[in-house]
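In my numbering, the protein residues as written are 3 to 187.
Yeah, the Cβ is synthetic: ideal placement off N, Cα and C, and Gly gets one too.
Here the structure is a predicted model, which means the values were calculated and not measured.
Data block below; observations after.
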């Protein structure tokens with residue numbers, strides 16, 4: 003029975019959104035766990051695992067949307083490192099901007115004023131925590147982008163087969179080296 007156009011579209015979208023979402027869900031939840039473990043002595047928790055997973059869904063879809071932008075393909079014919087670094091920086095900058103704007107909107111929703119934003123940003127914004135998370139986001143995007151670019155260079159799906167397919171026994175093209183040590187009788 004052939005799939006309808008809608009179901010084929012949904013399956014295609016799911017296959018595309020699943021890898022970045024799973025990667026970032028695991029990564030963000032490890033980040034949250036690390037923060038919670040460090041701060042356990044202070045009885046403070048900053049974010050829940052549900053928020054981290056939801057954020058991963060948003061980031062996963064954002065990656066797919068960003069990948070559709072033509073300017074992101076600027077370095078596709080350059081050495082892979084240029085493409086990886088460029089895409090990593092673009093993804094990181096977008097997340098930086100969204101996270102910063104999110105904090106400003108949160109401030110405004112809780113009664114802040116536009117004229118009070120500079121004072122909020124300089125005196126009350128938790129820059130150390132914000133910067134620490136941004137550093138991790140950069141590292142995670144660097145890892146993710148490197149894996150995606152390597153998979154594309156090897157041929158779509160080949161990297162997955164390398165990691166998850168059963169290995170075949172080594173061929174006998176290279177004979178094992180005989181043990182030349184003498185045995186004691």
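DSSP places residue 79 in the coil class of the three-state scheme, outside both helix and strand. If only uninterrupted alpha helix (DSSP H) runs of at least 4 residues are considered, those enclosed by the segment 55-115 are 82-111. By the criterion of a C-beta distance shorter than 6 Å, residue 54 is surrounded in its chain by 30, 31 and 34, once the five residues flanking it on both sides are discounted. Contact between residue 142 and residue 26 holds, since their C-beta atoms are separated by about 7 Å, short of 8 Å. Residue 147 and residue 86 have their alpha carbons spaced roughly 6 Å apart. The C-beta distance from residue 97 to residue 139 rounds to 5 Å, short enough to fall under 8 Å. Here the alpha carbons of residue 114 and residue 38 stand approximately 28 Å from one another. Pairing residue 128 with residue 59, the inter-Cα distance amounts to about 25 Å. Non-local C-beta neighbours of residue 19 in its own chain, meaning closer than 7 Å and more than five positions away in sequence, comprise 62, 63 and 66, ordered along the chain.
In the DSSP annotation of this structure, residue 126 is not part of any alpha helix (DSSP H), being labelled neither H nor E. A straight-line Cα-Cα distance of about 15 Å links residue 89 and residue 99. Counting other Cβ atoms within 10 Å of its Cβ, residue 22 reaches 16 or more and is therefore classed as buried. When the five nearest sequence neighbours on each side are left out, the beta carbons in the same chain lying within less than 7 Å of the beta carbon of residue 106 are those of 119, in order along the chain. Under the DSSP assignment, residue 161 falls in the alpha helix (DSSP H) whose first and last residues are 160-166. A straight-line Cα-Cα distance of about 14 Å links residue 77 and residue 68.
Annotation: residue 171 is outside any alpha helix (DSSP H) and is labelled neither H nor E by DSSP. Collapsing the DSSP output to three states places residue 6 in coil.
Residue state for residue 157 is assigned as coil, using DSSP reduced to three classes.
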